[in-house]
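2 protein chains.
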Amino acid sequence: MATDQLSRTFAALSDPTRRAILAMLSQGEATVNDIAAPFEMSLPAISKHLQVLERAALISRGRDAQWRPARLNAVTLAPAADWIDGYRRFWDRSFDALDDQLTSEEKGTTND
Amino acid sequence: MATDQLSRTFAALSDPTRRAILAMLSQGEATVNDIAAPFEMSLPAISKHLQVLERAALISRGRDAQWRPARLNAVTLAPAADWIDGYRRFWDRSFDALDDQLTSEEKGTTND
DNA sequence: TCTTTAATTAACCACAAGGTTTATTATTGG
DNA sequence: CCAATAATAAACCTTGTGGTTAATTAAAGA
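Chains as they are written, first to last, in our numbering: chain A, 1 to 112; chain B, 113 to 224.
This is the structure in structure tokens:
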């Protein structure tokens with residue numbers, strides 16, 4: 001995998017288990033056992049997914065006795081959202097109004 | 113890699129070469145040689161990246177004699193953008209105004 | 001038909017991803 | 001100290017990724 005932040009972010013999001021974990025954490029902090037409960041998967045597998053998310057800075061982890069609560073660090077998603085938004089005009093019809101407006105203005109002022 | 117569409121989309125975006133290819137294609141169609149030119153990478157390597165992008169439905173490809181022009185299929189990005197937007201309130205300060213407003217209304221109307 | 005150009009396929013390599021089971025570490029609490 | 005709980009580490013397996021070079025297919029055109 002590439003080592004830049006955006007690549008790590010997208011790579012971390014490319015697994016449905018990890019996206020589900022982020023969804024859980026949007027409800028609040030959770031321990032590894034909490035997180036693992038809904039999945040038909042071993043605890044070490046979940047632990048590895050959490051490591052991927054942590055290396056991507058999508059979560060951070062604390063320490064409370066033998067528990068390592070994980071919490072969402074959603075700000076890491078901002079650059080990914082911004083990157084995709086750079087392409088929004090290529091698909092989102094709500095940009096057509098703006099495009100039409102710009103086209104009309106151009107026709108009116110620079111019609112040569 | 114997981115086989116669902118969202119996972120394929122994020123996985124395809126997790127490589128900087130592929131993101132650069134999408135950026136090129138946002139300027140218009142291009143052939144494999146066109147696309148490969150700026151990269152210090154063999155033609156087969158670029159061909160493989162294009163295959164990943166095509167399997168993810170981020171590009172589509174035509175045929176013009178021995179050329180296979182690729183073009184951007186940005187609508188595939190919409191579900192990825194929507195997914196990330198579901199987390200925007202966890203980082204975007206522009207949502208704070210909305211949050212504050214909702215909190216104030218709640219205080220004013222259901223203060224028990 | 002033969003050559004040239006465009007692109008993919010084949011075969012290979014190194015390494016990372018995602019999973020397993022077993023073993024260890026860390027910490028609490030009787 | 002010892003047992004129980006929480007979590008990670010180690011070792012292993014299979015498959016995919018990202019790259020290479022060499023060979024092959026596809027089409028155009030002299």
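Beta carbons: idealized from backbone N, C-alpha and C, even for Gly.
Any Cβ of chain A closer than 8 Å to the Cβ of residue 196 of chain B would place that residue at the interface, and such an atom is present. DSSP lists B:176 as the beta-bridge partner residues of residue 179 of chain B.
For residue 93 of chain A, no Cβ of chain B is located within less than 8 Å of the residue's own Cβ. Taken in chain order, the complete alpha helix (DSSP H) segments of 4 residues or longer contained in the segment 124-178 of chain B are 128-137, 144-148, 155-167. Straight-line measurement puts the Cα of residue 182 of chain B at about 15 Å from the Cα of residue 157 of chain B. Residue 72 of chain A belongs to the set of residues whose beta carbon lies under 8 Å from a beta carbon in chain B. Of B:186, B:205, B:152, B:144, the smallest CA-CA separation from residue 180 of chain B is found for B:144.
The segment 165-175 of chain B makes contact with the segment 183-195 of chain B, as at least three CB pairs between them are under 8 Å.
For residue 113 of chain B, the nearest beta carbon of chain A is closer than 8 Å to its own beta carbon. Taking a cut-off of 8 Å for Cβ pairs, the segment 79-94 of chain A and the segment 1-15 of chain A touch, as three or more such pairs fall below it. Chain-order list of chain B residues neighbouring residue 42 of chain A: empty, with the shortest C-beta distance near 18 Å, by a criterion of under 9 Å.
Separation of the CB atoms of residue 1 of chain A and residue 159 of chain B is rounded to 20 Å, and the pair is thereby denied contact status at 8 Å. The Cβ atoms of residue 124 of chain B and residue 187 of chain B do not sit closer than 8 Å to each other.
Per DSSP, the unbroken alpha helix (DSSP H) holding residue 85 of chain A starts and ends at 77-85. Between residue 36 of chain A and residue 43 of chain A the beta-carbon gap is near 5 Å, inside 8 Å, which marks them as a contact. Within its own chain, no residue has a Cβ closer than 6 Å to the Cβ of residue 202 of chain B once the five positions on either side in sequence are excluded. For residue 173 of chain B, not one C-beta of chain A is nearer than 8 Å to its own C-beta.
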